[in-house]
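Counting in my numbering, the sequence shown runs from 3 upward without gaps. Just below is one structure, and these are the notes that go with it.
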Amino acid sequence: MKNTAMVRTGVVDLSTEKQFPLLQFLVFRKMAYNKRRFLFAGLVFLGLAFQVYTLQALPGFFFIAFAVMTMWVVGFDSQVDYHHMNVKETWVQGAYEHLSQIVELDRKQERWTDSVWDFSSINGKIFFVVSLVAIVILTNFIKAITRTSGIGGIVFLDGIAFVSIQWFKGMRRTDRRPELVQKADHLVKTVDGCPAAGRFNKQLGTLLLMDPEGEGKAPSDLKLNLSFPDGPDHFYGLQGQVALNRVQGKAYPYFYAVVVCKEGHVLDASTRNVPVPDGIVREVATRQGADVVILRQHTTDTSGYHTTVETSGAILTAAIQTAECFLARRSDTKSSPKTSA
Numbered sequence: 003m004k005n006t007a008m009v010r011t012g013v014v015d016l017s018t019e020k021q022f023p024l025l026q027f028l029v030f031r032k033m034a035y036n037k038r039r040f041l042f043a044g045l046v047f048l049g050l051a052f053q054v055y056t057l058q059a060l061p062g063f064f065f066i067a068f069a070v071m072t073m074w075v076v077g078f079d080s081q082v083d084y085h086h087m088n089v090k091e092t093w094v095q096g097a098y099e100h101l102s103q104i105v106e107l108d109r110k111q112e113r114w115t116d117s118v119w120d121f122s123s124i125n126g127k128i129f130f131v132v133s134l135v136a137i138v139i140l141t142n143f144i145k146a147i148t149r150t151s152g153i154g155g156i157v158f159l160d161g162i163a164f165v166s167i168q169w170f171k172g173m174r175r176t177d178r179r180p181e182l183v184q185k186a187d188h189l190v191k192t193v194d195g196c197p198a199a200g201r202f203n204k205q206l207g208t209l210l211l212m213d214p215e216g217e218g219k220a221p222s223d224l225k226l227n228l229s230f231p232d233g234p235d236h237f238y239g240l241q242g243q244v245a246l247n248r249v250q251g252k253a254y255p256y257f258y259a260v261v262v263c264k265e266g267h268v269l270d271a272s273t274r275n276v277p278v279p280d281g282i283v284r285e286v287a288t289r290q291g292a293d294v295v296i297l298r299q300h301t302t303d304t305s306g307y308h309t310t311v312e313t314s315g316a317i318l319t320a321a322i323q324t325a326e327c328f329l330a331r332r333s334d335t336k337s338s339p340k341t342s343a
């Protein structure tokens, strides 16, 4: 094995894939993928045409060899330019679509690493051995029928050229960050299953915990962020986050939501009458100059460590109602006429 393709899960705008392909190739790296496929097919056709016309492997083989090089993948690019973000800050804002993009990118990486062209996978090993055996059998069979080495040599060289893509590229491995993907997937499903969140599509976003020391400055954690642009400056909005609880080696998502405002604006008193579903705990706290209302699933020593999507949706709904109640009461207080003694 000569090369190892290494990638990192990052936040990528998948809509730009045609201009900036996720797959990184050995030659013509900026060429659009559709053009690359046409070039590959054209070179293979030209090479085979020469071989059929001359009944010799050369010079047609050179066209086929170059065609193979045009499809030679050297990596899976999921890097993203974070230079516009101030990574010295703990959390940075991002678009809500980043969540689904992270999940989709991980699925693409999984399909890429499980390809029959990857010798490190079981399917790849089987395909490699079967291909070599088929090439040898077909070459000898053609030689026996034609009683000449010309066509047999064509089959052998062409077959080795195509199979070599699998071996000499090296193993495919990815830094897929499964915990980050699991959190993103749970947040997406939570929002999709929460009708109340549908009213705030344009206000939904993400908060990304950046790793300034990591290669590519990729996020190491994320949150759901719901902002209220028309709200007062002292109201910081709503955040939803997923923690992963490990039980017997398996990670289970635990979702909780937090409504935050500046300390001293009676967040607790303004929202304590908001109904909370059964099994959901409401807690209040003051942290670093901010008042917070925390909504989470009730836990015991043996249960509650796993929040289902349905329960997460109920928690998010209660958090949205809490935020709206606070904003409504603050608005009523502000608009009510003052009375003089």
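Cβ atoms here follow ideal geometry from the backbone N, Cα and C, with glycine treated the same way. Keep in mind it's a predicted model, so treat the numbers as computed, not measured.
Query                                                                                                                                                                  : Result
Would you kindly work out how many angstroms separate the C-alpha atoms of Phe-328 and Arg-248, rounded to a whole number?                                             : 35 Å
Does the beta-carbon of Gln-1 have 16 or more other beta-carbons within 10 angstroms, so that it is buried, or is it exposed?                                          : No statement about residue 1 is possible, as the shown extent of the chain runs from 3 to 343 and does not include it.
With a threshold of 8 Å on Cβ separation, who are the neighbours of Lys-270 within its own chain once the five nearest residues in sequence on each side are excluded? : Here the sequence assigns Asp to residue 270, which means Lys is not the residue at that position. Answer for Asp-270: Val-286, Asp-293, Val-295, listed in chain order.
Which class does Met-73 belong to by DSSP, given the choice of helix, strand or coil?                                                                                  : coil
Taking the C-alpha atoms as reference points, what is the distance between Glu-181 and Gly-251?                                                                        : 13 Å
To the nearest angstrom, how far is it from the Cα of Ala-59 to the Cα of Lys-37?                                                                                      : 27 Å
What number of angstroms, rounded off, separates the C-alpha of Gln-323 from the C-alpha of Val-276?                                                                   : 7 Å
Contact check, Phe-202 vs Leu-228 under 8 Å by CB: the rounded distance?                                                                                               : 6 Å
So, at 8 Å on beta carbons, what are the nonlocal neighbours of Ala-51 in its own chain, with the 5 sequence-adjacent residues on each side left out?                  : Gly-62
If Thr-72 and Leu-101 are in contact, beta carbons under 8 Å, what's the gap, nearest whole angstrom?                                                                  : Contact doesn't hold; Cβ gap of about 35 Å is too wide.
Please state whether DSSP places Asp-1 in a helix, a strand or coil.                                                                                                   : Limits of the chain in this structure are 3 at one end and 343 at the other, which puts residue 1 out of reach.
What does DSSP give as the partner residue(s) for Lys-252 in the beta ladder?                                                                                          : Val-249
List the endpoints of the continuous alpha helix (DSSP H) containing Lys-37.                                                                                           : 35–56
Just the Cα atoms here: how many angstroms apart are Gly-266 and Glu-326?                                                                                              : 18 Å
Verify whether the separation of the beta carbon atoms of Pro-279 and Ala-316 is less than 9 Å.                                                                        : yes
Answer yes or no: do Thr-314 and Cys-196 have a C-beta to C-beta separation smaller than 9 Å?                                                                          : Thr is not the amino acid found at residue 314; the sequence shown has Ser there. Result yes, Cβ atoms of Ser-314 and Cys-196 sit closer than 9 Å.
Which runs of the beta strand (DSSP E), 3 residues or longer, sit entirely within the region 238–307?                                                                  : 252–264, 282–289, 292–299
Within a Cβ cutoff of 8 Å, which residues of the same chain sit near Ala-136, ignoring the five residues on either side of it in sequence?                             : Gly-161
In three-state DSSP terms, what is Thr-222?                                                                                                                            : Here residue 222 is Ser; the residue named in the question, Thr, does not match the sequence. Strand, per DSSP.
Is Gly-155 helix, strand or coil by DSSP?                                                                                                                              : helix
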